[in-house]
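In our numbering, the protein residues as written are 5 to 411. A virtual CB, placed ideally from N, CA and C, is assigned to each residue, including glycine. Bear in mind that the values here come from a model prediction, so they are computed numbers and not experimental data. Step one of this worksheet: look at the structure below.
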C-alpha cells in the first residue's frame with residue numbers, strides 16, 4: 005500500500021474509535037467547544053506561555069465549568085470562579101485529589117513517583133516525610149534564616165558590582181533561590197560560576213519554558229521522537245537534573261553518618277533504613293530533589309522579580325516599606341523572621357505582590373478516578389481538571405485581570 009492509503013486507513017480507524025468513545029461518554033457533560041475528530045480542541049488552543057488567558061475566553065461563553073477534548077480522547081475540565089474552585093478543591097477534595105497519569109510527558113518523567121505527580125499511600129508517606137524533614141532541617145529554623153540572610157547579602161553584592169547599569173535580574177534571583185534550596189538539600193552552597201550550577205539553572209528554565217499540558221506530544225507520543233520536539237527537550241533537561249541529583253546522593257552515601265545529619269539527603273538516607281521501601285527509596289529521592297528545585301526556584305524567584313517591578317513602579321510603596329524597616333529593625337543587622345510581627349506594611353506589600361502577580365494562575369492538574377458529579381455535570385473518569393486562580397485573586401466581580409495600578 006502507498007503511504008497515502010496507509011494514512012487514510014489510519015484516519016478512518018481513528019474516526020471510528022472516536023465515534024465509539026463519544027457513544028460511551030457519560031451524559032450531561034460540561035459545556036465546551038465542539039471537538040474535532042482525532043485532534044479534539046487542540047487547534048483551538050494556541051501554544052502560548054499564558055495558556056490561562058486562552059482559557060478565559062471559554063468562561064465567558066460556557067460558564068465556570070468547561071470541557072475541552074485534547075487529542076483523540078483526553079477530557080480536560082476547566083474550573084473557574086471562587087465557588088466552583090472551592091467546591092472542587094475543598095468540598096469535593098477527596099474526588100479531585102489525584103494527579104493525572106494519562107498525559108504522556110508527566111507519565112514519562114515522573115512514573116507516578118515524587119511529590120508533585122504521585123498518587124496512593126506511598127505518595128502520602130513520601131509527602132509527609134518531606135514536609136516533616138523540611139521543618140526539621142531548615143524551614144522555620146534558624147539555619148534556613150541564616151542561609152537566606154547570607155545569600156541575600158551575596159546577591160546584593162553581585163547586583164551592586166554592575167555599578168547601577170541596567171541588567172536582567174531574573175538570573176541572579178534564580179541563582180540565589182536555588183542556592184538556598186541547595187543548602188537545605190545538599191548542605192552546601194554552590195558558586196554562581198560553577199558550571200554544574202549554571203547548567204542546573206538552565207535546565208530549570210528549559211523545563212518551565214517548554215513543558216505545557218497542551219503540547220501535542222501529550223496526546224500523540226510519537227511526536228516526542230521527532231527533531232526539535234519540545235517534549236524531548238524537557239526530557240533531556242530532566243534527565244540531566246536527575247543525573248546530578250544521583251551524583252550528589254552517591255556522594256552522601258559514601259560519607260553518611262547517622263549520628264551526624266547534615267541536610268535533607270542525610271535525613272532521607274536515615275529514614276530509608278526504617279521506613280516503607282515503596283515510599284522512601286532512591287528512585288523517589290532524586291525525584292523529590294528535582295521537584296524541590298524546579299518548583300521552589302522558579303516560583304520564588306519569579307515572585308521576587310514581580311515584587312521588585314511593583315516597587316520600582318510604585319516608589320511611594322517602596323519608601324513606606326523602607327521607612328518601616330529602618331524604624332523597627334534599623335540598618336545595622338539584617339531583617340529576620342522574628343521581625344515579622346513588627347513589619348505589618350511590608351507583610352501586606354508581600355501579600356499584595358502574591359495576589360497581583362499570581363505567578364501560578366493554573367493550579368497543577370488533578371484528576372478523578374471515577375465518573376464524578378460536579379456542579380450539575382458529570383466529569384468523566386480520568387479527566388484532567390485544571391483550576392484557574394487568576395480571577396478569584398481580583399476584587400469583587402471584575403472579570404478583567406488587575407494591572408499595576410491596583411497595587
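From 43, 310, 161, residue whose alpha carbon lies closest to that of residue 364: 310
Residue 44 classed as buried or exposed, judged by whether at least 16 other C-beta atoms fall within 10 angstroms: buried
Got a sec, what are the start and stop residues for the beta strand (DSSP E) residue 304 sits in? Residue 304 -> not in any beta strand (DSSP E); alpha helix (DSSP H) instead, spanning 286-317.
Mind checking residue 295: buried by the 16 CB within 10 Å criterion, or exposed? buried
Less than 8 Å separating the beta-carbons of residue 117 and residue 288? yes
Can you find the residues in the same chain that come closer than 6 Å, C-beta to C-beta, to residue 300, ignoring five residues on each side of it along the sequence? 185
Give every residue of the same chain whose Cβ lies closer than 7 Å to the Cβ of residue 190, excluding the five residues on either side of it in the sequence, and list them in chain order. Excluding residues within five positions, the ones whose Cβ falls inside 7 Å are 252, 267, 269.
C-alpha distance - residue 393 paired with residue 86, whole-angstrom precision: 8 Å
Please confirm whether any heavy atom of the ligand ATP lies closer than 7 Å to the CB of residue 378. The ligand ATP is absent from the structure shown, which contains no ligand whatsoever.
Examine the Cβ distances between the stretch 357-376 and the stretch 328-338 and report whether three or more of them are shorter than 8 Å. no
Report the option in 381, 396, 262, 137 whose CA atom is closest to the CA atom of residue 31. 381
Residue 80 and residue 34: beta carbons closer than 8 Å? no
Just mark residue 197 as buried or exposed, buried being the case when its beta carbon has 16 or more other beta carbons within 10 Å. exposed
Using a Cβ-Cβ cutoff of less than 7 Å, which residues in the same chain neighbour residue 109 once the five nearest sequence positions on both sides are dropped? Around residue 109: 215, 219, 221, 222, 235, 238.
Of all the alpha helix (DSSP H) runs that stay within the bounds of the stretch 78-130, which reach a length of 4 or more residues? 86-90, 97-100, 108-114
What is the DSSP secondary structure of residue 393, reduced to helix, strand or coil? DSSP places residue 393 in coil when its eight states are reduced to three.
Between the Cα of residue 377 and those of 97, 325, 148, spot the shortest distance and give me the residue it belongs to. 97
For residue 54, the three-state DSSP class (helix, strand or coil): Residue state, collapsed to three classes: coil.
Does the beta-carbon of residue 124 have 16 or more other beta-carbons within 10 angstroms, so that it is buried, or is it exposed? exposed
Should residue 292 and residue 119 be called a contact, given that it needs their Cβ atoms to be closer than 8 Å? yes
Less than 8 Å between the beta carbons of residue 181 and residue 305, yes or no? yes
Are there 16 or more other CB atoms within 10 angstroms of the CB of residue 298, so buried, or fewer, so exposed? buried
How many angstroms separate the CA atom of residue 3 from the CA atom of residue 371? An answer regarding residue 3 cannot be provided, because it is not within the stretch 5 to 411 covered by the chain.
Tell me where the alpha helix (DSSP H) around residue 212 begins and ends. 199-214
Best match in 179, 170, 171, 369 for proximity to residue 158 [C-alpha to C-alpha]: 179
Burial state of residue 383 (16 or more Cβ within 10 Å): buried
Inter-residue Cα distance where the pair is residue 408 and residue 314: The predicted position of residue 408 is uncertain, since its pLDDT is 49 and thus under 50; a value taken from the coordinates is nonetheless stated next. Roughly 7 Å between the two C-alpha positions.
Contact set for residue 173: own chain, Cβ-Cβ below 8 Å, skip 5 residues either direction: 163, 309, 312
For residue 326, the three-state DSSP class (helix, strand or coil): helix
Kindly indicate the opening and closing residues of the beta strand (DSSP E) around residue 378. 376-378
Helix, strand or coil: how does DSSP classify residue 346 here? If DSSP states are grouped into helix, strand and coil, residue 346 belongs with the helices.
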